[in-house]
């Protein structure tokens, strides 16, 4: 999808994930027998949002306004419950929920609402997640226009009072 269909706010997003609006689609996806069936179901049946902003076109040039949010994807988690609990306890975690495929974690973090610093903040978060959670985050989330596929998770975690992650990578000074 290149053009947005409509605007939704964060509360509507939480409701879409928490309540059963996508339950059937997610259950079908998670029970797919092959990767091609999985990919086709994912592509055809799941809505997505551009979490980091409002866009006229789904690309960085189409950004109208930055939302102050960034998506973090952690794929194929080995000890899901332990990592989920750890991330929910992080003061920067605004939302945390099970990915559409069921084996990963999606996290939403508040950041500075700026297209100019979006990539730098992603890089700082990449380092933060490795240092504090010993986990790699999906590098594709660095794209401000990244689409987040919606999921179904009745146990979605939400901390509306989460801290804003305002860190930026520190450039090493040359001697």
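In our numbering, the protein residues as written are 57 to 231.
Ideal placement from N, C-alpha and C gives every residue a C-beta, glycine not left out.
Bear in mind the structure is a predicted one, so any value in this text is a computation, not a measurement.
For residue i and residue j, I'd like the C-alpha separation in whole angstroms.
i, j, result
"residue 104", "residue 148", "23 Å"
"residue 160", "residue 208", "13 Å"
"residue 97", "residue 156", "11 Å"
"residue 110", "residue 174", "14 Å"
"residue 196", "residue 190", "19 Å"
"residue 123", "residue 224", "18 Å"
"residue 118", "residue 66", "20 Å"
"residue 130", "residue 193", "5 Å"
"residue 88", "residue 99", "13 Å"
"residue 107", "residue 203", "7 Å"
"residue 215", "residue 171", "24 Å"
"residue 114", "residue 187", "32 Å"
"residue 138", "residue 84", "26 Å"
"residue 63", "residue 142", "31 Å"
"residue 229", "residue 61", "Confidence is the limiting factor: at residue 229 the pLDDT is only 45, short of 50, which leaves the residue's position unreliable, though a coordinate-based value still follows. The alpha-carbon atoms of residue 229 and residue 61 are separated by roughly 46 Å."
Going by DSSP, what residues sit across from residue i in a beta bridge?
i, result
"residue 160", "Partner(s): none; residue 160 has no beta bridge."
"residue 221", "167"
"residue 90", "Answer is none; residue 90 lacks a bridge partner."
"residue 106", "203"
"residue 213", "152"
"residue 111", "119"
If I'm right that residue i touches residue j with Cβ under 8 Å, what's the distance once you round it to whole angstroms?
i, j, result
"residue 116", "residue 201", "6 Å"
"residue 164", "residue 150", "5 Å"
"residue 162", "residue 178", "Their Cβ separation, rounded to whole angstroms, is 15 Å, which puts residue 162 and residue 178 out of contact at 8 Å."
State the DSSP-derived secondary structure class of residue i, mapped to helix, strand or coil.
i, result
"residue 150", "strand"
"residue 127", "strand"
"residue 198", "helix"
"residue 145", "coil"
"residue 120", "strand"
"residue 62", "coil"
"residue 132", "coil"
"residue 190", "coil"
"residue 185", "helix"
"residue 75", "coil"
"residue 208", "coil"
How about residue i and residue j: do their beta carbons lie closer than 8 Å?
i, j, result
"residue 153", "residue 213", "yes"
"residue 221", "residue 166", "yes"
"residue 169", "residue 74", "no"
"residue 206", "residue 125", "no"
"residue 13", "residue 120", "This structure does not reach residue 13, given that the chain is present from 57 up to 231, and the question cannot be answered."
"residue 86", "residue 145", "no"
"residue 69", "residue 78", "no"
Consider the Cβ of residue i: report whether some Cβ of chain C lies at a distance smaller than 8 Å.
i, result
"residue 67", "Absent here is chain C; the protein component of the structure consists of one chain."
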